[in-house]
Each structure stands twice: as structure tokens, then as C-alpha cells.
Amino acid sequence: MSEYKVIAGRYQIDGSEVVITNPQGRGTLQGILDHYSGIGFELMDTQLDTVKHEIIVMLRKGAPMAAAAAAPAMAAP
0 MSEYKVIAGR YQIDGSEVVI TNPQGRGTLQ GILDHYSGIG FELMDTQLDT
50 VKHEIIVMLR KGAPMAAAAA APAMAAP
């Protein structure tokens, strides 16, 4: 079964960094992705509202059920 994480907030461009601010705090997009990938999450999707400067980052940890069921069984030697 998969575990999901959604991070939403306002973003701003600071030099070469994308900085996200929300009620939980402030951090760079790269720092957030590095943190969550270090504990097994992968990036699924990112949505930007360039007018309101809002961002939604969707992450997933674990294999999706359809892919796990579709994986072929390996024969024992």
C-alpha cells in the first residue's frame, strides 16, 4: 500500500531557488524533495499557480497496487 504526502503553500523565486512558505514553515523546494526522497518518497506531481504564486507538491512512498500486481513472478532456479 502507498503512503502519500501533499505539501501546499506559497512560493517565490529567490535567485536559483524556489522557496515555499506554508503554516508548517519555510524551505526550498530542493531541500523538501531531498528530505522526503531520503525517507523513501518519490515526486508524483507538482502544480503551480503562477498568478497567485501557490504550489502543490504531491509525493508517494511505496509501490502502487496496480504495478505490484502486474509484476511478473520470478521462477526459482
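For what it's worth, numbering that gives the first Met the number 0 labels the leading residue of the sequence shown as 0, then goes sequentially. Using N, Cα and C, we set each Cβ at its ideal position, and we do this for glycine too.
A distance below 7 Å separates the beta carbons of Arg9 and Thr20. Under the three-state reduction of DSSP, Gln46 is assigned to strand.
Counting only residues of its own chain and dropping the five nearest sequence neighbours on each side, Glu16 has a CB closer than 8 Å to the CB of Thr27, Leu28, Gln29.
Distances from the alpha-carbon of Lys51 to those of Pro22, Val5, Gln11 put Gln11 closest. Residue environment analysis places Val56 among the buried positions, since at least 16 neighbouring C-beta atoms fall within 10 angstroms of its C-beta. Excluding five sequence positions before and after Lys4, the CB atoms of its chain that fall closer than 7 Å to its own CB belong to Tyr35, Phe40, Leu58, given in chain order.
Taking 7 Å as the cut-off, the Cβ atoms of Leu47 and Ile38 do not count as close.
Rounded to the nearest whole angstrom, the CA to CA distance from Ile31 to Val18 is 10 Å.
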